[in-house]
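*Asks:* Chains A and B are the protein sequences, given in the same order. The opening residue of the first sequence carries number 512 in the working numbering; numbering runs sequentially from there. The opening residue of the second sequence carries number 757 in the working numbering; numbering runs sequentially from there. A virtual CB, placed ideally from N, CA and C, is assigned to each residue, including glycine.
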Amino acid sequence: MYVRHLQLGSFRNWERVDLPLRPGPTVFVGRNGEGKTNLVEAVGYLATMGSHRVSADAPLVRHGAEQAVVRAALRREDRELLVEIEINPGRANRVRVNRAPLPRPRELLGLVKTVLFAPEDLVLVRGDPSDRRRFLDDLLVSRTPRLAGVRSDYERVLKQRNALLKTARLARGGALATLDVWDGHLVDLGSQLLAARLRLVADLVPHVAAAHAQVAGPEAPLAGLGYTSTVPLAGDGTPMTAGTPLPDVAELANALRERVAERRQDEVDRGMTLVGPHRDDLVIALGPVPAKGFASHGESWSLALALKLGCLALYRADGEEPILVLDDVFATLDTDRRAALAAVARTAEQTLITAAVLDDVPAELRGTRVQVAGGAAFVVEDDTVLEGGVR
Amino acid sequence: MYEGAVQDLIDELGRLPGVGPKSAQRIAFHLLAAESADVGRLVAALQRVQAEVRFCVTCFNVAEAEQCRICRDPRRSEDVICVVEEPKDVVAIERTREFRGKYHVLGGAISPIEGVGPDDLRVKELMTRLMNGQVTELIIATDPNLEGEATAAYLARLVAPMGLAVSRLASGLPVGGDLEYADEVTLGRAFEGRRRIDA
Ligand SMILES: Nc1ncnc2c1ncn2[C@@H]1O[C@H](COP(=O)(O)OP(=O)(O)OP(=O)(O)O)[C@@H](O)[C@H]1O
Ligand SMILES: [Mg+2]
Ligand SMILES: [Zn+2]
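Structural data, given as structure tokens:
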């Protein structure tokens, strides 16, 4: 799929943008701070209803404005898709698809598919488990939209259960009468999430390994993925292989139920839920060792890139062609890695690239440019201004 | 911040459910600009509900007498009680014309985040009704969301020893939703196809 037309209102530093885009690679070029990343961040928002840079929506709304609007006309195969999002920080967003309002904004998830690679992705290798869980869950929901409900219900159950455990601790157990019913929800939703994550990691393994070999060279150690869980049956972090057997939802539910029962006293003592997918982690391995804490800076970069290119390959194996977004990444890669990334980017239906210096972008990707300066963005092809979007 | 009276009005409006600070301000200025007769009618309506509307002593539905109209209606069956969260759910179910028994309004659902546990709901009163009366069937029609399901599961376990037929509205209701927003046909169907809970 590709974005044919992007319109923004009061999004980040952009008061208005009205920008025609085309398939193939496009480079957004301009000086630091002009708003290049902001433009592609809006494209990412269409896919995840979140930003790759901030966790809350408020920073996305232009200073002084109450709401931001992202409107995009996309083409998927030969179908037209019009997505309009009104971003209302602190309140529910409003979303329309082909002019029809969605009853719930989250029903948009899964419709627009993007793979976005940015400097922030280094946290996938070096950051906290929560960064990796978000990576897995965003990808899960994008591939299986039904899981958006499971994910948000699970988060709500956790909040309810934690609130109950906190009061139970203070009331010395009096409030525990209703803990069982929350345990039921936790087990039901948690096991669905666990099963889906395990399936996803197993599906990613070959694609990430192949992408890593392409990026880091064939002599580099094998990039592996494992899952480590508070429910032992769900994994201990050992890299998965094609033959790793995966437990099913019912087995995971039983294991989770048992574990919850075992940890009951600890949970009451600490006033929080200690078992479940919200405490788990994706383990990224380089050869025999986990990358976190061991991989060098460059190795970490290669792994992060391989994860994202692995996502691209996985979508393609699903029969989807996502929009590839490369935000400020070429400048930080060495020549070989640039070439490897360019080789993939060339094959994508649409690649949106941001760069402060055009020369950092491999020549074969430089055909179409969007010049970003002074609060305006213009499409330039062969040094001729074609069409413009302003302010 | 505005001068005393206006700010007081904005604050009071802002306390209402679903009214944020911006809407509170808009409503306040709308009222300031409105005809005094219009405002008078609003004031009178508020005072009337305060003075005249109470909660039914039996089922806790809204009532204009000691008991609500449904509890006083001799044609309605004493054998079945339908448990709901709020009075507005009674209205929604009445619209379907599927139910001829009596109601019990809990006054909410279990929600630890909001500090609501079973003791904050009319659960004890329900148990008293079940023990004294001739009730043989309990239909739990709490909202089809996490809190409603948790409340239903809790009640089902609580009444299990009493040997009643306990049922829950069948699926088909929008999950994660609010009973109030289900259309009549869907809600009616969910009622007809209610399933037994064996806790
Ligand atoms: N909510 C907002 N309202 C107004 N301006 C904002 C808002 N959020 C960010 N900005 C401004 O947007 C600019 C940053 O834009 P962006 O990150 O897109 O830059 P860039 O062109 O990608 O720069 P670089 O080349 O350094 O990566 C900053 O000047 C910042 O102050
Ligand atoms: Mg940038
Ligand atoms: Zn009554």
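Going by DSSP in three states, residue 646/A sits in which element: helix, strand or coil?
*Replies:* The residue you call residue 646/A lines up with position 135 of the first sequence. In the structure shown, residue 646/A sits in a helix (DSSP, three-state: H, G or I).
*Asks:* Could you list which residues in chain A have their beta carbon closer than 7 Å to that of residue 866/B, in chain order?
*Replies:* By 1-based counting over the second sequence, the position of residue 866/B is 110. Here the neighbours are 689.
*Asks:* Could you give the residue range of the beta strand (DSSP E) that holds residue 838/A?
*Replies:* Taking the first residue of the first sequence as position 1, residue 838/A is located at position 327. Residue 838/A -> beta strand (DSSP E) spans 834-838.
*Asks:* I'd like to confirm something about residue 826/B: is its beta-carbon nearer than 7 Å to some heavy atom of ligand 3, or not?
*Replies:* Residue mapping note: residue 826/B aligns to position 70 of the second sequence, counting from 1. For ligand 3, at least one heavy atom lies less than 7 Å from the Cβ of residue 826/B.
*Asks:* Quick one: does residue 902/A have its CB under 8 Å from some CB of chain B?
*Replies:* For the purposes of this step, residue 902/A is identified with residue 391 of the first sequence, where counting begins at 1. With a pLDDT of 47 at residue 902/A, under the threshold of 50, the modelled position of this residue cannot be trusted, and the question is left open.
*Asks:* Which residue's Cα is closest to the Cα of residue 691/A: 946/B, 866/B, 950/B and 854/B?
*Replies:* Along the first sequence, read from residue 1 onward, the residue named residue 691/A stands at position 180. Residue 691/A has its Cα closest to that of 866/B, out of 946/B, 866/B, 950/B and 854/B.
*Asks:* Just by C-beta distance, which residues in the segment 866-887 of chain B are closer than 7 Å to chain A?
*Replies:* Flagged, chain order: 866, 867, 868, 869, 873 and 874.
*Asks:* Indicate whether residue 757/A and residue 713/A have their beta-carbon atoms separated by less than 8 Å.
*Replies:* One-based indexing of the first sequence puts residue 757/A at position 246. One-based indexing of the first sequence puts residue 713/A at position 202. Contact flag set, yes.
*Asks:* Under a CB-based cut-off of 8 Å, is residue 902/B close to chain A?
*Replies:* Locating residue 902/B in the second sequence gives position 146, counting from the first residue. True, the Cβ-Cβ gap to chain A drops below 8 Å.
*Asks:* Under three-state DSSP, which class holds residue 923/B?
*Replies:* On the second sequence, residue 923/B is found 167 positions in, with the first residue counted as 1. If DSSP states are grouped into helix, strand and coil, residue 923/B belongs with the strands.
*Asks:* What is the rounded straight-line gap between the Cα of residue 785/A and the Cα of residue 742/A?
*Replies:* For the purposes of this step, residue 785/A is taken as the residue at position 274 of the first sequence. For the purposes of this step, residue 742/A is taken as the residue at position 231 of the first sequence. Their backbone Cα atoms lie some 10 Å apart in a straight line.
*Asks:* Tell me which residues share the same chain as residue 940/B and place their Cβ nearer than 6 Å to its Cβ, disregarding the 5 neighbours each side in the sequence.
*Replies:* Counting from one through the second sequence, the residue named residue 940/B turns up at place 184. Excluding positions up to five away in sequence, the list reads 851 and 852.
*Asks:* Kindly list the residues whose CB is nearer than 7 Å to the CB of residue 760/A, restricted to its own chain and excluding five residues on each side of it in sequence; keep chain order.
*Replies:* Counting from one through the first sequence, the residue named residue 760/A turns up at place 249. Once the five neighbours on either side are set aside, the close Cβ partners of residue 760/A are 702, 703 and 706.
*Asks:* Apply the 10 Å Cβ neighbour rule to residue 884/B and answer buried if 16 or more other Cβ atoms are within range, or exposed otherwise.
*Replies:* Taking the first residue of the second sequence as 1, we reach residue 884/B at position 128. Under this definition residue 884/B is an exposed residue.
*Asks:* Can you find a CB in chain A that lies within less than 8 Å of the CB of residue 938/B?
*Replies:* Here residue 938/B is taken as the residue at index 182 of the second sequence, counted from 1. Taking Cβ atoms only, chain A never reaches closer than 8 Å to residue 938/B, which makes this a no.
*Asks:* Hey, is residue 624/A close to ligand 1, as in C-beta under 7 Å from one of its heavy atoms?
*Replies:* Translated into the one-based positions of the first sequence, residue 624/A becomes position 113. No, the Cβ of residue 624/A stays beyond 7 Å of every heavy atom of ligand 1.
*Asks:* Would you list the one or two residues that DSSP bridges to residue 873/A?
*Replies:* Walking along the first sequence from the start, residue 873/A turns up at place 362. Residue 873/A pairs with nothing; no bridge assigned.
*Asks:* Which residues share a DSSP beta bridge with residue 795/A?
*Replies:* Stepping through the first sequence from its first residue, residue 795/A is reached at position 284. 736/A, per the DSSP bridge assignment.
*Asks:* Give me, in chain order, the residues of the same chain whose beta-carbon lies closer than 7 Å to that of residue 662/A; leave out the 5 immediate sequence neighbours on both sides.
*Replies:* In the first sequence, residue 662/A corresponds to position 151, counting from 1. 648, 652 and 704, listed in sequence order.
*Asks:* Taking a contact to mean a Cβ-Cβ separation below 8 Å, would you say residue 709/A touches residue 665/A in this structure?
*Replies:* In the first sequence, the residue the question calls residue 709/A occupies position 198. In the first sequence, the residue the question calls residue 665/A occupies position 154. No, the pair does not count as a contact, with Cβ atoms beyond the cut-off.
*Asks:* Which residues, in order along the segment 655-685 of chain A, keep a beta-carbon less than 7 Å from a beta-carbon of chain B?
*Replies:* Correct list: 660, 664, 667, 668, 670, 671, 674, 675 and 678.
*Asks:* If residue 883/A and residue 539/A are in contact, beta carbons under 8 Å, what's the gap, nearest whole angstrom?
*Replies:* Against the first sequence, residue 883/A aligns to sequence position 372. Against the first sequence, residue 539/A aligns to sequence position 28. 6 Å between Cβ atoms; contact.
*Asks:* Could you tell me the alpha carbon to alpha carbon distance between residue 902/A and residue 811/A, rounded to whole angstroms?
*Replies:* As a working note, residue 902/A is residue 391 in the first sequence. As a working note, residue 811/A is residue 300 in the first sequence. Only weak support exists for where residue 902/A lies, its pLDDT of 47 falling under 50; the coordinates are left without a value.
*Asks:* Taking the DSSP output, what are the residues bridged to residue 769/A?
*Replies:* Looking up residue 769/A in the first sequence gives position 258. In DSSP, residue 769/A forms no bridge with anything.
*Asks:* Does the Cβ of residue 750/A lie closer than 7 Å to at least one heavy atom of ligand 1?
*Replies:* Position 239 of the first sequence holds residue 750/A. Residue 750/A: no, Cβ never under 7 Å from ligand 1.
*Asks:* Do residue 813/A and residue 726/A have their CB atoms nearer than 8 Å?
*Replies:* As a first step, residue 813/A must be located in the first sequence, where it is residue number 302. As a first step, residue 726/A must be located in the first sequence, where it is residue number 215. Against a cut-off of 8 Å, the Cβ pair of residue 726/A and residue 813/A comes out as a contact.
*Asks:* Return yes when the Cβ of residue 873/A is within less than 8 Å of the Cβ of residue 849/A, no when it is not.
*Replies:* Within the first sequence, residue 849/A is the residue found at index 338, counting from 1. Within the first sequence, residue 873/A is the residue found at index 362, counting from 1. Result yes, Cβ atoms of residue 849/A and residue 873/A sit closer than 8 Å.
*Asks:* Under the assumption that residue 594/A contacts residue 608/A (Cβ atoms under 8 Å), give the Cβ distance between them as a whole number of angstroms.
*Replies:* As a first step, residue 594/A must be located in the first sequence, where it is residue number 83. As a first step, residue 608/A must be located in the first sequence, where it is residue number 97. Contact holds; Cβ gap of about 6 Å.
*Asks:* Going along chain B in order, which residues have a C-beta closer than 8 Å to the C-beta of residue 723/A?
*Replies:* Taking the first residue of the first sequence as position 1, residue 723/A is located at position 212. Within 8 Å Cβ-Cβ: nothing; residue 723/A doesn't reach chain B, min ~39 Å.
*Asks:* Quick one: is the Cβ of residue 959/B within less than 7 Å of any heavy atom of ligand 3?
*Replies:* For chain B, the structure presents residues 757 to 955; residue 959/B sits outside this window and is missing.
*Asks:* Of all the CB atoms in chain B, is at least one closer than 8 Å to the CB of residue 692/A?
*Replies:* In the first sequence, the residue the question calls residue 692/A occupies position 181. So yes, residue 692/A belongs to the interface.
*Asks:* Considering only C-alpha positions, which residue in the set 774/B, 772/B, 776/B and 781/B is nearest to residue 761/B?
*Replies:* Counted from its first residue, the second sequence places residue 761/B at position 5. Minimum Cα distance to residue 761/B is reached at 781/B.
*Asks:* Cβ-heavy atom distance between residue 547/A and ligand 2 below 7 Å?
*Replies:* To locate residue 547/A, count along the first sequence from 1; it is residue 36. Indeed, a heavy atom of ligand 2 lies less than 7 Å from the Cβ.
*Asks:* Indicate whether residue 861/B and residue 840/B have their beta-carbon atoms separated by less than 8 Å.
*Replies:* The sequence position of residue 861/B within the second sequence is 105, counting from 1. The sequence position of residue 840/B within the second sequence is 84, counting from 1. Yes, Cβ-Cβ distance for residue 861/B and residue 840/B is below 8 Å.
*Asks:* So does residue 827/A have its beta carbon nearer than 7 Å to some heavy atom of ligand 1?
*Replies:* In the first sequence, the residue the question calls residue 827/A occupies position 316. Residue 827/A Cβ: outside cutoff for every heavy atom of ligand 1.
*Asks:* Inspect the beta-carbon positions of residue 868/B and residue 675/A and report whether they are closer than 8 Å.
*Replies:* Here residue 868/B corresponds to residue number 112 of the second sequence, with the count starting at 1. Here residue 675/A corresponds to residue number 164 of the first sequence, with the count starting at 1. A contact, by the Cβ cut-off of 8 Å.
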